[in-house]
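Structure first, commentary second.
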Amino acid sequence: MTQPISILLCALGGEGGGVLADWLVDVARHADHPAQATSIPGVAQRTGATTYYIEIFPQPSSALGGKKPVLGLNPLPGRLDALVSSELLETARQISNGLTSAEHSCVITSSSRILTTLEKMSMGDGRKDDAALRELVSTHSKTHHIVDMARMTQASGTVVSAVMFGCIAASGVLPFARADYEAVIGHTGKAAQASLRGFGLAYDAIAAQRQQHEFIEAVMTPAKPAAPAVPEAVAQAFPAPLHTMVSLGYARVLEYQNQAYAQTYLSRLSSIWAAEQSAQAADAKAWPVTEESARWLALWMAFDDVVRVADLKSRQSRLHRVRGEVKAQEADLLKIYDHFKPGVPELAGLLPTTWAQKLIRWDRARVAKGQAPWAMPLKIGTHSILGMLALRLMAKLKVLRPLGSRYQAEQRAIEQWIAAVTQATQRDPALGHEVARCGQLIKGYGSTNERGKDNLMHIITHAAAPREDQSTAEQVQSIARIRQAALQDEAGKSLDAALIQSGAPARPVVAQPIRWMKNPRITS
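Note that numbering that gives the first Met the number 0 numbers the sequence shown so that position 514 is 513, with each residue one more than the last.
Following this line, the structure appears as structure tokens:
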């Protein structure tokens with residue numbers, strides 16, 4: 000009890016980290032405990048957070064006999080009593096600096112993520128692995144609490160600093176009562192009431208976690224999480240290790256179109272699982288090819304089109320989310336305008352193939368004459384009756400989606416990929432797994448989506464087919480390199496280099512029209 004309690008706060012810009020530090024100092028002084036706080040500014044663009052270091056003496060000043068403790072200005076490696084952060088990757092960053100200890104540090108962090116610039120710039124999935132970050136927190140802390148601070152902040156209509164304040168209060172790191180913390184926040188004014196709501200949600204969440212941890216330690220047996228509900232069609236067609244992933248994909252495809260489309264999803268997966276089952280031992284406990292295929296097949300079958308966009312934009316859940324983001328109250332008037340710019344490819348995708356081809360030829364002829372591709376800019380007020388009716392009418396067109404040229408083209412491409420995965424799995428499950436992972440190339444919309452499909456079909460045709468100049472193991476490595484190269488740059492230079500290196504031809508050059516632009520500075 001002669002060492003100060005050390006706390007490091009990590010907050011991003013605009014999250015009220017300074018206010019939180021002041022609150023902690025105030026609550027300590029309110030309880031007659033010596034306290035001191037310092038701050039180190041961070042930088043912008045999510046490359047670092049502003050940190051606030053606080054030391055609070057565990058005994059009140061009245062018990063020190065007139066003596067004053069000497070408090071530090073910066074944290075010492077391995078000596079932190081508590082690390083509190085509003086962002087999971089930022090928590091891992093501070094842990095990597097060696098500030099926490101598995102012997103006595105308590106780590107409180109949010110499960111939510113605010114992606115860094117580098118994560119957003121990646122051509123593939125550049126997000127850091129949440130499971131690895133959580134494992135790092137668990138390994139380098141004596142106790143830890145991971146809660147969704149972003150959800151609590153939105154639900155209470157406050158800023159995350161109030162939620163972090165509640166987490167600290169309930170963690171037991173400081174020797175103060177809940178009333179001491181609430182007295183510092185105050186009880187008058189809308190801002191104080193919102194802060195108290197956020198404080199209460201966080202306090203209850205951490206208190207529940209502590210109670211659960213104490214119960215687990217008492218009985219010495221971890222609680223077993225409840226198994227998610229598995230649709231009967233999935234349970235009958237696939238083994239238990241595949242139920243979670245296949246159920247998620249099944250639900251996505253069912254919500255996207257209808258029961259028949261969801262059954263098609265299961266039928267396609269069944270052919271892959273049958274091939275994997277015949278290629279592996281009968282007592283296999285994992286089916287990686289089918290599991291990987293289930294993920295990317297569901298995403299591909301639920302491709303984005305104008306019908307899907309209209310459906311998502313007009314959902315009630317989206318309105319609630321927007322109102323929460325802008326912190327609109329019940330009496331506030333909120334207007335939402337959505338901007339669309341559908342072009343010929345989007346409209347042609349809804350038409351039968353014959354009509355779609357005529358429309359595309361017309362647009363290509365315009366481009367060949369030097370004109371810009373046709374598009375129709377729209378500004379729709381989603382808050383208005385007419386705007387919402389327009390979007391809901393477009394969303395209802397999903398019953399006509401199977402008649403459209405885009406739907407039929409996507410199904411043909413999906414069947415090609417499924418056939419390639421099945422054939423590769425029959426040769427070698429490792430090869431089938433790599434071909435299945437190439438489904439990751441299908442993402443986005445517009446030209447990005449088309450480029451991904453072209454790259455995938457080129458890989459299937461030239462890299463995944465049986466080859467006499469490569470063994471199966473060498474082919475697995477080649478496809479893995481090619482897939483990773485395809486995710487590195489948008490232009491595809493890395494992909495072409497990887498294809499040539501593996502003995503496959505580079506992608507054909509796509510003809511692009513040349514458009515001459517008049518120099519506005521030349522008047523004649």
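C-beta: ideal position from N, C-alpha, C; glycine also.
### Task
Below 6 Å CB to CB, which residues in the same chain sit around Val475 once its five sequence neighbours on both sides are set aside?
Taken in chain order, the residues that qualify are Ala429, Leu430 and Glu433.
### Task
For my contact list, Phe175 and Ile184 are in at a C-beta cut-off of 8 Å; report their separation, rounded to the angstrom.
Rounded to the nearest angstrom, the Cβ distance from Phe175 to Ile184 is 13 Å, too far for a contact under 8 Å.
### Query
Excluding sequence positions up to five away, which residues of its chain have a Cβ less than 8 Å from the Cβ of Val306?
Closer than 8 Å at the Cβ level, and outside the excluded window around Val306, lie Leu349, Met393, Ala394, Leu396, Lys397 and Arg400.
### Query
Residues in its own chain within less than 6 Å of Tyr260 by CB, not counting five upstream and five downstream?
Excluding sequence neighbours, Tyr260 sits near Val252.
### Task
Compute the Euclidean distance between the alpha carbons of Ile459 and Tyr444, then round it to the nearest angstrom.
Per the coordinates, the alpha-carbon of Ile459 lies some 21 Å from the alpha-carbon of Tyr444.
### Query
In or out: Phe214 buried (at least 16 other Cβ within 10 Å) or exposed?
Result: exposed.
### Separation of Arg320 from Ile271, as counted between CA atoms
Each residue's Cα considered, the two are about 38 Å apart.
### Task
Select from Ala182, Glu329 and Arg317 the residue whose C-alpha is nearest the C-alpha of Ala30.
Per the Cα distances, Ala182.
### Query
Just how far apart, CA to CA, sit Leu377 and His338?
Leu377 and His338 have their alpha carbons spaced roughly 6 Å apart.
### Query
What whole-angstrom Cβ distance do Ser170 and Ile205 have, given they're in contact under 8 Å?
Their Cβ separation, rounded to whole angstroms, is 6 Å, which keeps Ser170 and Ile205 in contact under 8 Å.
### Message
Tell me which residues share the same chain as Ala505 and place their Cβ nearer than 6 Å to its Cβ, disregarding the 5 neighbours each side in the sequence.
### Response
Beyond the five residues adjoining it in sequence on each side, Ala505 comes within less than 6 Å, by CB distance, of Asp495, Leu498 and Ile499 in the same chain, given in chain order.
### Separation of Ala374 from Ile384, as counted between CA atoms
Ile384 and Ala374: Cα-Cα distance of roughly 25 Å.
### Query
When we look at the beta-carbon of Val26 and count the other beta-carbons within 10 Å, is it buried (16 or more) or exposed?
So Val26 ends up on the buried side.
### Message
What does the Cβ neighbour count give for Asp331, buried or exposed, with the cut at 16 atoms within 10 Å?
### Response
Using a 10 angstroms sphere on the CB of Asp331, the tally of other CB atoms stays under 16, which defines it as exposed.
### Task
Within its chain, find whatever has a CB closer than 6 Å to the CB of Ala293; leave out the 5 residues flanking it on each side and keep chain order.
Correct list, in chain order: Met244, Val245, Gly248 and Leu268.
### Query
Do you know offhand how far Leu23's Cα is from Ala178's?
Spanning the two alpha carbons is a distance of roughly 13 Å.
### Task
Inspect the beta-carbon positions of Cys105 and Leu82 and report whether they are closer than 9 Å.
Yes, the pair counts as a contact, with Cβ atoms nearer than the cut-off.
### Close beta carbons around Val343, own chain, < 7 Å, minus the five adjacent residues each side
Contacts found: Leu358, Ile359, Asp362, Pro372 and Trp373.
### Message
Is there a C-beta anywhere in chain D that falls below 9 Å from the one on Gln407?
### Response
This model lacks chain D altogether; it includes just one protein chain.
#### Entry: 3-residue-minimum beta strand (DSSP E) runs that sit fully inside the segment 84-157, ordered along the chain
Complete beta strand (DSSP E) runs here, min 3: 105-109 and 142-146.
### Query
Can the beta-carbon of Gly438 be found less than 9 Å from the beta-carbon of Ser477?
The answer is no: Cβ separation not under 9 Å.
### Query
When burial is assigned at 16 or more other CB atoms within 10 Å of the CB, is His143 buried or exposed?
Residue environment: His143 is assigned as buried (16 or more neighbouring CB atoms within 10 Å of its CB, all protein chains considered).
### Message
Below 8 Å on the Cβ atoms is my contact criterion, and I expect Met300 with Tyr264 to pass it. Report the Cβ-Cβ distance as a whole number of Å.
### Response
At roughly 6 Å, the Cβ-Cβ gap stays under 8 Å, so Met300 and Tyr264 are in contact.
### Query
What distance in whole Å lies between the Cβ atoms of Ser194 and His148, which are believed to be in contact at a cut-off of 8 Å?
First, the residue type needs correcting, since residue 148 is Met and not His in the sequence shown. That belief does not hold up - the Cβ atoms of Met148 and Ser194 are roughly 14 Å apart, past 8 Å.
### Query
So, Ser155 versus Val18, is the Cβ gap smaller than 9 Å?
Not closer than 9 Å, so no.
### Reduced DSSP category for Lys378 - H, G, I as helix; E, B as strand; rest coil
Looking at Lys378 - three-state DSSP - the assignment turns out to be strand.
### Task
To the nearest angstrom, report how far apart Asp303 and Ile441 are at their CA atoms.
If I take the Cα positions, the gap works out to 11 Å.
### Query
In whole angstroms, what separates the C-alpha of Leu311 from that of Arg317?
The straight-line gap from Cα to Cα measures roughly 7 Å.
### Query
Is it buried or exposed for Lys67, if we count other Cβ within 10 angstroms and need 16 for buried?
Exposed.
### Message
Measuring straight from C-alpha to C-alpha, what distance separates Ile94 and Thr157?
### Response
Spanning the two alpha carbons is a distance of roughly 28 Å.
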